[in-house]
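Engineer:
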Amino acid sequence: MAIIRLANSCNNCENILETGRCTVHGVKVSHSYTCDAFDMKASLQDDRNCLTCIRYETDNCANPQKAAPGMLCSHWAPKNVA
Ligand code: SF4
Ligand code: SF4
């Protein structure tokens with residue numbers, strides 16, 4: 502069975518500022534970037550599932566057949582992050 506997990510992108514990293522600047526590298530980053538210093542935001546650690554995903558029950562859901570409370574996939578994006 503495949504393991505489904507949250508993408509290690511800059512948007513989900515503790516080291517990104519609200520301005521989009523990375524505090525480790527000192528440059529502006531985007532959601533499509535990541536690096537070996539990735540450190541998942543503590544606020545995201547315990548609450549990742551379809552119910553907290555901005556894509557839940559929308560056309561943007563990557564797995565509409567399987568999406569459900571408690572489910573998670575690598576396309577998960579938090580509802581409280583733009
Ligand atoms: S430490 Fe790495 S993953 Fe985190 S914001 Fe900076 S570049 Fe992105
Ligand atoms: S299946 Fe993935 S994209 Fe769809 S709601 Fe769940 S976490 Fe989000």
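Take 502 as the starting number for the sequence shown in the working numbering and just add one per residue.
Beta carbons are placed, not taken as given, at the ideal position from N, Cα and C, and that holds for glycine.
(1) When the distance is taken between beta carbons, is C551 closer than 8 Å to A588?
(2) Give me the DSSP bridge partner(s) of M541.
(3) Helix, strand or coil: which one does DSSP assign to C562?
(4) For ligand 1, is there a heavy atom less than 7 Å away from the beta-carbon of T520?
(5) At the level of alpha carbons, what is the spacing between N513 and T553?
(6) Let's test the definition: count the other Cβ atoms within 10 Å of the Cβ of V530 and tell me whether it reaches 16, buried, or not, exposed.
Structural biologist: Reading off the structure:
(1) Examination of residue 588 is not possible in this model, given that the chain is present from 502 through 583 alone.
(2) C514
(3) coil
(4) no
(5) 14 Å
(6) buried
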